[in-house]
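Only one structure is covered here, and it is reproduced in the block below.
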Amino acid sequence: MARLNRNFLAWIGPYPYNPTLIFLFFTFAFFFKASPTINNMPAGGGRWLLAVELLFASAIPSALFAFYAFLIQKYRLWKSNLITYLIEVALGQSIAVLCVPLLFSVVGRNFGFSLSFTASLTPGGFMGSWVLVLFAFALMHHSERSILNRLKYAGQLVTKLEVDRAELVRADEELRQQTSRFLHDRVQSDLMVVGLKLKTIAGKSSAEVNETINAAIARLEKTRTSDLRNLVEVLAPNFEANSFAEALQILADQYRSTMKISIEVDDASSKLDPKVLLGVFRIVEQALLNSLVHGPASHVLVDMTTDQGGVTRLSVSDDGPGASSAIVNSGVGTAVIDSWVSILNGVKHTEPVPGHGYLIAVEFESGSESVSRA
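For the sequence shown, this note's numbering puts the final residue at 1140, and the numbers step up evenly by one.
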């Protein structure tokens, strides 16, 4: 029983006011209440003139009620609940009901008849019409409230998705930083120690063994000073030590055995905030991986420009066989791209057309403050 009462009270209100619906409802309600008077008029121009005047008279109090509802909806200074909603509707109804007798009396004098609305002015009549108004509001706005509740829930899901995306990026970057530090501090030092030990052995071995050891030492040094350094730079790029274009080139060098990658970055883009550049770097990183996985492509073009208005445009296009949208838009890589696009407050556009290559384009305002969330 208690649940039934709660459901009934929730059905009564409160509802968001729709001034247009309120205006139309009350205009026709007042007009049809006065319509018998129109039928008593002789057919002809007088009947049509009376109908127009009664419709105009009905519209005035309805417009006042609608305007009152608009003001309440926009500038309400108190909390909206069932009690305040009932009071608001009663006050709005009072404005309309008090105006109707005056307006209709003016119309009546013009046409020589008397139209009474005194029932609505009595306490019982007012309460009865108030209940009817609440019932009408419930019918008009129940569906609208359901839609708004669904939109509110959808908005909450979008907010949660944005939080989850930011958390995904944060966790990904934290893991990359930890891996980068491990490779730089531990693996590089271990490789250096191994190289030194091999050098001590080389001086005590035969020429053939020395040649093998020296080759191993050279390989270790290349791995330590070049390959490992480049890997660290990709995992945790430092745009203050290396330019953004250089960081992209290091990333592209990883694919040089399978794809030719052309990079075009204008000066304005290279001077963007490091947090913005990190987001772009990660988008390019995943886009290049897509070009490899869904191709492989033979040539990829990375183009980034920033205009004078602060709008940055990034595009990554290839000449591979392409893939369907369902394939390209699934997977962790796409989630990472979408997360960074969201953090940059950007817009992503893709054209994964089978047989015609792959294109991803991202556009965002370079001064977006939302980047600080990353």
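Ideal Cβ positions, reconstructed from N, Cα and C, are used throughout, including at glycine.
Taking three-plus beta-carbon pairs below 8 Å as touching, is the stretch 1067 to 1087 in contact with the stretch 887 to 904?
no
For a test of the three-state rule: what should DSSP assign to A885, helix, strand or coil?
Counting from 1 along the sequence shown, the entry for residue 885 is found at position 119. Caution is warranted here: a pLDDT of 48 is assigned to A885, below 50, making its placement in the model unreliable, and no coordinate value can be reported.
According to DSSP, simplified to helix, strand and coil, what is F1130?
Position 364 of the sequence shown, counted from the start, is the residue given in the question as residue 1130. Strand, per DSSP.
Could you check the C-alpha separation between R916 and A768 for me, to the nearest Å?
By one-based count along the sequence shown, residue 916 stands at place 150. By one-based count along the sequence shown, residue 768 stands at place 2. Each residue's Cα considered, the two are about 25 Å apart.
From L864 to R772, what does the alpha carbon distance come to, in whole angstroms?
The residue given as residue 864 occupies position 98 in the sequence shown. The residue given as residue 772 occupies position 6 in the sequence shown. Rounded to the nearest whole angstrom, the C-alpha separation of L864 and R772 is 33 Å.
Assigned secondary structure, M1070 (DSSP; H/G/I helix, E/B strand, else coil)
The sequence position of residue 1070 within the sequence shown is 304, counting from 1. Three-state DSSP puts M1070 in a strand.
Can you grab the Cα-Cα spacing for the pair A1063 / V1128, in whole Å?
As a first step, residue 1063 must be located in the sequence shown, where it is residue number 297. As a first step, residue 1128 must be located in the sequence shown, where it is residue number 362. In this structure, the CA atom of A1063 is about 20 Å from the CA atom of V1128.
Sheet register partners of Y1153 (DSSP bridge)
The structure shown does not extend to residue 1153, since the chain is modelled only from 767 to 1140, so the question has no answer here.
Rank S1105, W1106, L1058, T1078 by C-alpha distance to the C-alpha of G1123 and give the top, closest one.
As a position in the sequence shown, residue 1123 is number 357, starting the count at 1. Ranking S1105, W1106, L1058, T1078 by Cα distance to G1123 puts L1058 first.
Please state the DSSP three-state secondary structure of R1225.
Residue numbering for the chain in the displayed model covers 767 to 1140; residue 1225 lies beyond these limits and cannot be assessed.
Applying the 10 Å Cβ sphere with the 16-neighbour rule, what's the burial state of V855?
Within the sequence shown, numbered from 1, the residue matching residue 855 stands at position 89. With 16 or more Cβ atoms within 10 Å of its Cβ, V855 is classed as buried.
Alpha-carbon spacing of I1103 relative to R1048, whole angstroms
Taking the first residue of the sequence shown as 1, we reach residue 1103 at position 337. Taking the first residue of the sequence shown as 1, we reach residue 1048 at position 282. If I take the Cα positions, the gap works out to 7 Å.
DSSP three-state label for R1048, please.
Within the sequence shown, residue 1048 is the residue found at index 282, counting from 1. Note: R1048 maps to helix in three-state DSSP.
In the structure shown, what three-state DSSP assignment does R985 receive?
Along the sequence shown, one-based indexing puts residue 985 at 219. Reduced to three states, the DSSP call for R985 is helix.
Opening and closing residue of the beta strand (DSSP E) in which S1028 lies:
On the sequence shown, position 262 is the one that residue 1028 refers to. Element bounds for S1028: 1026 to 1031.
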